[in-house]
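2 protein chains.
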Amino acid sequence: MLRSHTCGELRMEHVNQPVSLCGWVQTKRDKGGMVWIDLRDRYGVTQLIFEEGKTDPQLLEKIRSLGREFVVKAEGKVVERVAKNDKIPTGNIEVRVENLDILNPAKLPPFLIEDETDGGDDLRMKYRYLDLRRNAVRKNLELRHQMMRQTRTYMDSKNFIEVETPVLIKSTPEGARDFVVPSRMNPGEFYALPQSPQTFKQLLMVSGFDRYYQIVKCFRDEDLRADRQPEFTQIDCEMSFITQEDILNTFEGLVKHLFKQVKGIELTNLARMSYADAMKYYGNDKPDTRFEMRFTELNEVAKGKDFSVFNDAELIVGICAKGCAEYTRKQLDELTEFVKRPQIGAKGLVYVRYNADGSIKSSIDKFYSEADLKVWAEKMQAAPGDLLLIISGEATKARKALSELRLEMGERLSLRDKSTYSCLWVLDFPLLEWGEEEQRWFAMHHPFTSPKPEDIHLLESDPGKVRANAYDMVINGVEVGGGSIRIHNRELQAKMFSHLGFTDEEARRQFGFLMEAFEYGAPPHGGIAFGFDRLCSLFGGADSIRDFIAFPKNNSGRDVMIDTPSTISNAQLEELSIRVSMSGKK
Amino acid sequence: MLRSHTCGELRMEHVNQPVSLCGWVQTKRDKGGMVWIDLRDRYGVTQLIFEEGKTDPQLLEKIRSLGREFVVKAEGKVVERVAKNDKIPTGNIEVRVENLDILNPAKLPPFLIEDETDGGDDLRMKYRYLDLRRNAVRKNLELRHQMMRQTRTYMDSKNFIEVETPVLIKSTPEGARDFVVPSRMNPGEFYALPQSPQTFKQLLMVSGFDRYYQIVKCFRDEDLRADRQPEFTQIDCEMSFITQEDILNTFEGLVKHLFKQVKGIELTNLARMSYADAMKYYGNDKPDTRFEMRFTELNEVAKGKDFSVFNDAELIVGICAKGCAEYTRKQLDELTEFVKRPQIGAKGLVYVRYNADGSIKSSIDKFYSEADLKVWAEKMQAAPGDLLLIISGEATKARKALSELRLEMGERLSLRDKSTYSCLWVLDFPLLEWGEEEQRWFAMHHPFTSPKPEDIHLLESDPGKVRANAYDMVINGVEVGGGSIRIHNRELQAKMFSHLGFTDEEARRQFGFLMEAFEYGAPPHGGIAFGFDRLCSLFGGADSIRDFIAFPKNNSGRDVMIDTPSTISNAQLEELSIRVSMSGKK
């Protein structure tokens, strides 16, 4: 090793020892007679000291030439600091340097390598390798490593086997967002990159592997929203001979283990909520349960007056914002603007101020007496000082808009603290959802999800009513994982495909191998997959997943550092038997 | 859980307990009055017993309908066996079944699900999920999991951070065997799948990650020999502020840890050999050192007689096969045929029998006296009873042929036992090798490998003589890992690219980001990568890597189970702005 110690490990007990350290010049302070350098590596920062009269003049000259981010090797003796720094673990000592080698000089970085940097997003993406030097970013990746380790520790302790499934798989028409890979050896044919290892993990269950997991890259070529990546990582799991309850317990265990080991937080048992209740009380299948503010439906008490907006509405639904009765007109206008934004789409917002003095004042006093409004307030468990916010209209839309408003109010009332965690199982999802545009049913989870046995009789008569043995894990309003009990019976699987509009021939061509596998002794099985990037960002208390990925792509799917995607040569295209065809593009 | 225990865990202490087991019907023996079923799961086999008079007649009827590989749940009581089976851990007990549910029936499998199966390769690949049910195959994947765990345990204990590098990267002309991925969002542009995370791990060193590892999928679109796969797994590692010696020690530690933890074998310190010595003494840069049989060069003692074959040869080189003096004429002819095979390419084979009685007899007695041959025998440290085998010709070809013969003799003499392990570091590889066809130098390892400082002055004058700080780990004649100290200086890297025939513009376009990174403070660094599939097969005592991969591809790069690669729809091609162009193909 070029060093005897790292920059994070020297303490008082090392005083008088000769040491050698390697690292980057973080800062240099030159006070004439004395020069200090903070030397940084992954493990910490150690102060180097040089003193005129004590330090060799040539060495002093050399260190005065050092710039930020130079890579050096320093040899010297550990001494006790006069002015101790209790903010860093090495703050009691410094190294009086006798010899220093410049291992590599450095140009001035395009932005500050510090916790608070002056670099914009684009610049930091282009020089990602410099951004990764910043403590904040490196700590995110250390957290990620810790999450991986602890995930594996837990899964191994529960007898799960990690099995690598293939990356070069088969494209399916369902997977319109597959990335494909032309095969040179099989001209005109393509592999696809997996959106998930779903069918393979089910086959492993058919093989008797009993308990499988994998921390695995998956791929989806979709238009990237702010926080999606074309390649992402999942904790992918499957178990045999289990009921839904076993899966919930096993993976509740995983999440508890991670919180305990990585964050030092002891979670109590996770709350559970049906999809129906989540929609009814939060207007959302991934409610943020760090705060209550549940929906109250007001149809019974708000209809039948002269207010046609409510009378014509399918649903009148409200939330009670504790202690907000004194919101100003301006604040209320802001909230109204907020719900009327196109992406939220409410027509308007009704408010009822339940003043601290017990009086009640609303935006629709013309139609409702104080007594009427008191009834609402009571139904909504409001107390004097609270503000009621009410939206009406078509039920689905009203719930969606109120859900957004609820989250906004949670934000305004500081109820969404990133260091507080509220975990929830959402259960009993519908099996199917209707595609208005395509005029057919789609699998809400995926086509391999099992309907609840007691609902199977509804498959023909009322498909939308059929509930699935499907579950999501939601933390702080973010869906971090989801899964289901699978179909393990060929007939039922074939029936599902047919409900989803597959012809027998299509089902056979795409999933014949799986349906055939079900005929050779498939055990009852089910599983779950967690979005690992998202889980890491939640544990890191961050909004974006990007800073928990070493080399992320930007919103156009580009890595601007290595400049990819990029064109390839005609010779390479020819080898692969493909041509670029830009008709109607760009 | 549908079961109270697995099929591997019941013992005498469970006798009289009520239990429920789930699994596959391995065998059924029906002796009229008694029926036994061996029920199998991942954890073992448990015998179920049914007895006329004691078992409910309807249940007896049901179990008589069971076929092989039916999936069942059996409930009953553990009883002590009359005839114990000490070959299996559950052999002292059996379960007297009171209730049995058929969870899924099974068609008759196309081959026997047993250690010795009757299924051919093609059939087993098509029904890979059934092949994976066989103990032998499942144990391979359990070994692989164990290898992964122990690798991570070791690397974590040494402060390495596992960092995931991207799968969608940039194609480089050097990488003519890149798999590419068209980008839908960037029409006409392509990602490439990594042949290794080389540049990313070097960037992580520039970022100060200090110690990186990853167990990672890599991809190479090359014509597949019997034992290559288009996607394969590496243990990829990199360290900063180290010398070559540190890397050798660290990864010698990894290999020792794996042998100890996975195989229970304590390795002594690994032997080391220079590339030059490996070529000189074994004719091979990955010598199988389970046995000696080193080469002896005979130019000095064999030239100058009337034997023109030797007189004209650049090299005369032989091995001594202990105790083989009595090989028959037929055996010797076989060896001659062996070395004359086109893929080995020797013109002939000279043998010298050093008989047990001290006499000497050779195939070239016409030219050499017994005294001459005694000199050879002495030089080759032969004893009476040994056989000398000698090849001559152009030096490189003679060594290659003799290396093959040496391995063949090792095989014939049973010196290559798969349960014996001999590990070796091969050091000091040449930096460059001459491409005869392309008439230019190629990097023997890769363009990022550092020349030995003391050899840099030869780069211009005698490039072939420059040695690299590169090393391979060889186990039993198989290269399982290789790496190098990297260049961390922009000028030297640019010089290397120019030696490899890159124009400045090409170097900049392809690796500009890396060369630029070297200007912002790159630490000295180096690393290694192990072929994980190969390492697993070695530990498993097998020749082929295929049985250590859950879902391998065949020699045409096909997964015949899911039938990929396959065609994709025109709509999908259009979305991706590509067209299939079969000109001159197929």
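For the protein sequence lines, the chains are A and B, in the order given. For the first sequence, the working numbering begins at 1 and goes up steadily by one. For the second sequence, the working numbering begins at 587 and goes up steadily by one. Ideal placement from N, C-alpha and C gives every residue a C-beta, glycine not left out. Please read these numbers as outputs of a predicted model, since none were measured by experiment.
Legend entry - CB contact flag (serine 826 (chain B), aspartate 796 (chain B), <8 Å): yes
Legend entry - Residues that glycine 774 (chain B) contacts on chain A, provided the C-beta gap is smaller than 7 Å: Thr567, Val580 and Met582
Inset, instruction - Taking glycine 1143 (chain B) as the query, report the chain A residues whose CB atoms sit under 9 Å from its CB, ordered along the chain. - result: In chain order, Leu168, Ser183, Arg184, Met185, Asn186 and Tyr191 make up the part of chain A whose C-beta sits under 9 Å from the C-beta of glycine 1143 (chain B).
Legend entry - Through-space distance from phenylalanine 805 (chain B) to alanine 106 (chain A), alpha-carbon basis: 34 Å
Legend entry - Three-state secondary structure (DSSP) of valine 339 (chain A): helix
Inset, instruction - With 8 Å as the threshold, decide whether the Cβ of serine 860 (chain B) is near any Cβ in chain A. - result: no
Legend entry - C-alpha distance - methionine 1059 (chain B) paired with asparagine 186 (chain A), whole-angstrom precision: Put simply, the backbone Cα of methionine 1059 (chain B) is about 34 Å away from that of asparagine 186 (chain A).
Inset, instruction - Pick helix, strand or coil for phenylalanine 776 (chain B), following the three-state DSSP scheme. - result: Strand, per DSSP.
Inset, instruction - Measure from the alpha carbon of valine 255 (chain A) to the alpha carbon of each residue in A:Tyr154, A:Phe502 and A:Arg353, then state which is nearest. - result: A:Tyr154
Inset, instruction - Can you have a look at aspartate 417 (chain A) and say buried or exposed, based on whether 16 or more other CB atoms are within 10 angstroms of its CB? - result: exposed
Legend entry - Cβ shell of glutamate 734 (chain B) (< 7 Å), same chain only, five flanking positions each side left out: Note that residue 734 (chain B) is methionine in the sequence shown, not glutamate. Around methionine 734 (chain B): Ile801.
Inset, instruction - Check whether the Cβ of leucine 10 (chain A) lies closer than 8 Å to any Cβ atom in chain B. - result: No, its Cβ sits nowhere closer than 8 Å to a Cβ of chain B.
Legend entry - CA-to-CA distance, leucine 388 (chain A) to arginine 329 (chain A), given in whole angstroms: 14 Å
Inset, instruction - Pick helix, strand or coil for tyrosine 1057 (chain B), following the three-state DSSP scheme. - result: strand
Inset, instruction - Select from B:Phe697, B:Val601, B:Leu645 and B:Cys593 the residue whose C-alpha is nearest the C-alpha of glycine 630 (chain B). - result: B:Cys593
Inset, instruction - Taking only beta-carbon positions, decide if alanine 517 (chain A) is within less than 8 Å of chain B. - result: When Cβ-Cβ separations below 8 Å define contact, alanine 517 (chain A) makes contact with chain B.
Inset, instruction - Would you please verify whether the beta carbon of glycine 521 (chain A) is less than 8 Å from any beta carbon of chain B? - result: yes
Inset, instruction - Would you mind sorting phenylalanine 1088 (chain B) into buried or exposed? The rule is 16 or more other CB atoms within 10 Å of its CB. - result: buried
Inset, instruction - Give a yes or no on whether the minimum CB-CB distance between phenylalanine 827 (chain B) and chain A is below 8 Å. - result: yes
Inset, instruction - Step through the CB atoms of chain B and report whether any lies within less than 8 Å of the CB of lysine 452 (chain A). - result: no
Legend entry - Spatially closest choice to isoleucine 475 (chain A) from A:Pro89, A:Leu10, A:Arg133 and A:Leu267, by CA coordinates: Ranked by Cα distance from isoleucine 475 (chain A), the first of A:Pro89, A:Leu10, A:Arg133 and A:Leu267 is A:Leu267.
Inset, instruction - With a threshold of 16 other CB atoms inside 10 Å of the CB of threonine 396 (chain A), please say whether the residue is buried or exposed. - result: Exposed, because fewer than 16 other Cβ atoms sit within 10 Å of the Cβ of threonine 396 (chain A).
Inset, instruction - Measure from the alpha carbon of glycine 318 (chain A) to the alpha carbon of each residue in A:Glu300, A:Asp306 and A:Glu326, then state which is nearest. - result: Cα-wise, what sits closest to glycine 318 (chain A) is A:Glu300.
Legend entry - Cβ pair threonine 922 (chain B), leucine 935 (chain B) closer than 8 Å: One thing to note: threonine 922 (chain B) has its Cβ within 8 Å of the Cβ of leucine 935 (chain B).
Inset, instruction - Buried or exposed for serine 403 (chain A), please, with buried defined as at least 16 other CB atoms from any protein chain shown within 10 angstroms of its CB. - result: buried
Inset, instruction - Could you confirm whether any beta carbon from chain A is found closer than 8 Å to the beta carbon of phenylalanine 1088 (chain B)? - result: no
Inset, instruction - Report yes or no: is there a C-beta of chain E within less than 8 Å of the C-beta of leucine 141 (chain A)? - result: Judged by its chain identifiers, the structure shown contains no chain E, and its protein chains are A and B.
Inset, instruction - Work out the CA separation of cysteine 22 (chain A) and arginine 68 (chain A) for me, nearest whole Å. - result: 14 Å
Inset, instruction - Please classify valine 848 (chain B): does DSSP put it in a helix, a strand, or coil? - result: DSSP places valine 848 (chain B) in helix when its eight states are reduced to three.
Legend entry - the stretch 599-616 of chain B touching the stretch 655-664 of chain B, judged by at least three CB pairs closer than 8 Å: yes
Inset, instruction - Give the DSSP bridge partners of valine 25 (chain A), in chain order. - result: A:Leu39
Legend entry - Cut-off 8 Å between Cβ atoms - residues of its own chain near arginine 138 (chain A), not counting five sequence neighbours on either side: Arg42 and Leu132
Inset, instruction - Using the Cα positions of isoleucine 456 (chain A) and threonine 751 (chain B), report the straight-line distance between them to the nearest angstrom. - result: 44 Å
Inset, instruction - Indicate whether lysine 28 (chain A) and leucine 60 (chain A) have their beta-carbon atoms separated by less than 8 Å. - result: no
Legend entry - Residues bridged to proline 620 (chain B) [DSSP beta-bridge criterion]: Before going on, a small fix: residue 620 (chain B) reads as methionine here, not proline. Bridge partners of methionine 620 (chain B): B:Glu637.
Inset, instruction - Output the distance between the C-alpha atoms of serine 1084 (chain B) and aspartate 1090 (chain B), rounded to the nearest integer angstrom. - result: 7 Å
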